[in-house]
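Protein chains in written order, with the numbering used here: chain A, 1 to 115; chain B, 116 to 228. Each remark here refers to the structure printed beneath this line.
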């Protein structure tokens with residue numbers, strides 16, 4: 001069984017300040033973990049993924065996430081927020097090396113970026 | 116190589132009608148996954164299909180919903196006798212095998228009036 005909890009349903013930051021979106025997971029296996037971004041009425045875009053290689057994963061648009069097994073966390077960070085980062089973010093866990101198959105999505109975190 | 120194509124992008128149905136959602140996987144991909152996103156929620160797994168076979172349908176509602184992925188043509192998610200609660204975004208993803216990355220389509224937004 002697997003589950004994922006996004007600890008904040010809404011996060012608001014000012015442009016140019018750091019972003020932290022928190023995600024905790026549970027899995028019976030060595031999981032693969034992903035972060036996706038969804039802009040309003042758009043599809044899902046993969047930001048980054050962890051599949052048992054380096055624990056610090058760098059993704060697109062300046063985002064990165066660190067896999068911490070001891071804390072069962074996979075928090076998403078960005079040093080400096082941009083207005084275009086405003087969107088919905090989903091943390092995803094999958095039992096296996098990829099997101100193929102039965103992935104479990106968190107409920108999402110809405111990121112608001114203030115000018 | 117075109118991405119995963121879903122059509123229609125928006126679909127409006129009256130209560131009691133049937134909704135048919137289509138998903139054309141990426142070229143060379145024989146594995147398809149359907150997810151449903153209710154308003155202000157994350158995506159929930161519905162069904163995993165390989166060509167002509169249903170691999171895992173543990174997330175499918177027991178009634179009114181069915182899915183197929185024929186040898187030729189797109190995967191179809193069919194919802195019979197739609198109700199207001201079926202209003203959601205339905206996403207499809209595809210992968211070339213069960214252990215390689217899956218890519219998502221843009222989704223079909225179903226509105227039941």
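Backbone N, C-alpha and C define an ideal beta-carbon position, used for all residues, glycine too.
Reduced DSSP secondary structure (H/G/I, E/B, other) of residue i
i: residue 84/A; result: helix
i: residue 61/A; result: helix
i: residue 199/B; result: helix
i: residue 153/B; result: coil
i: residue 144/B; result: coil
i: residue 7/A; result: coil
i: residue 39/A; result: coil
i: residue 102/A; result: coil
i: residue 193/B; result: strand
i: residue 171/B; result: strand
i: residue 184/B; result: coil
i: residue 163/B; result: strand
i: residue 178/B; result: coil
i: residue 214/B; result: coil
i: residue 137/B; result: strand
i: residue 70/A; result: coil
Candidates the options: closest to residue i by CA position
i: residue 31/A; options: 93/A, 114/A, 83/A, 42/A; result: 93/A
i: residue 226/B; options: 198/B, 165/B, 170/B; result: 198/B
i: residue 192/B; options: 135/B, 128/B, 126/B; result: 135/B
i: residue 25/A; options: 68/A, 85/A, 82/A; result: 68/A
i: residue 60/A; options: 52/A, 82/A, 46/A, 91/A; result: 46/A
i: residue 204/B; options: 189/B, 180/B, 224/B, 129/B; result: 224/B
i: residue 72/A; options: 91/A, 38/A, 86/A, 102/A; result: 91/A
i: residue 181/B; options: 128/B, 215/B, 137/B; result: 137/B
i: residue 84/B; options: 162/B, 189/B, 163/B; result: Here chain B comprises residues numbered 116 to 228, so residue 84/B is not present and cannot be evaluated.
i: residue 57/A; options: 40/A, 33/A, 2/A; result: 33/A
i: residue 150/B; options: 163/B, 139/B, 140/B; result: 163/B
i: residue 118/A; options: 202/B, 121/B, 177/B; result: Within the shown structure, residues of chain A are numbered from 1 to 115, placing residue 118/A beyond reach of any answer.
i: residue 178/B; options: 148/B, 213/B, 206/B, 201/B; result: 201/B
Contact list for residue i against chain A, beta-carbon separation under 8 Å
i: residue 172/B; result: Correct list: empty, because the minimum Cβ distance to chain A is about 11 Å.
Contacts of residue i in chain A (Cβ-Cβ under 9 Å)
i: residue 160/B; result: 101, 102, 103, 104, 105
Residue i: contacting residues in chain A (beta-carbon distance under 7 Å)
i: residue 157/B; result: 90, 105, 106, 107, 108
i: residue 184/B; result: Within chain A, no residue comes near residue 184/B; the closest Cβ sits about 14 Å away, beyond 7 Å.
i: residue 180/B; result: Those within 7 Å of residue 180/B in chain A number zero; the least Cβ separation is about 16 Å.
Chain-ordered chain B contacts of residue i [CB-CB under 9 Å]
i: residue 42/A; result: 221, 222
Residue i: CB within 7 Å of a non-hydrogen atom of the ligand FMN
i: residue 157/B; result: No copy of the ligand FMN appears in this structure; indeed no ligand is present at all.
Inset, instruction - Could you tell me whether the region 99 to 113 of chain A touches the region 6 to 16 of chain A, where touching means 3 or more Cβ pairs closer than 8 Å? - result: yes
Legend entry - Inter-stretch contact at 8 Å, needing at least 3 Cβ pairs: the region 15 to 26 of chain A / the region 68 to 78 of chain A: Result yes; three or more Cβ-Cβ pairs closer than 8 Å.
Inset, instruction - Would you be able to state if there are at least three C-beta pairs under 8 Å between the region 46 to 56 of chain A and the region 136 to 144 of chain B? - result: no
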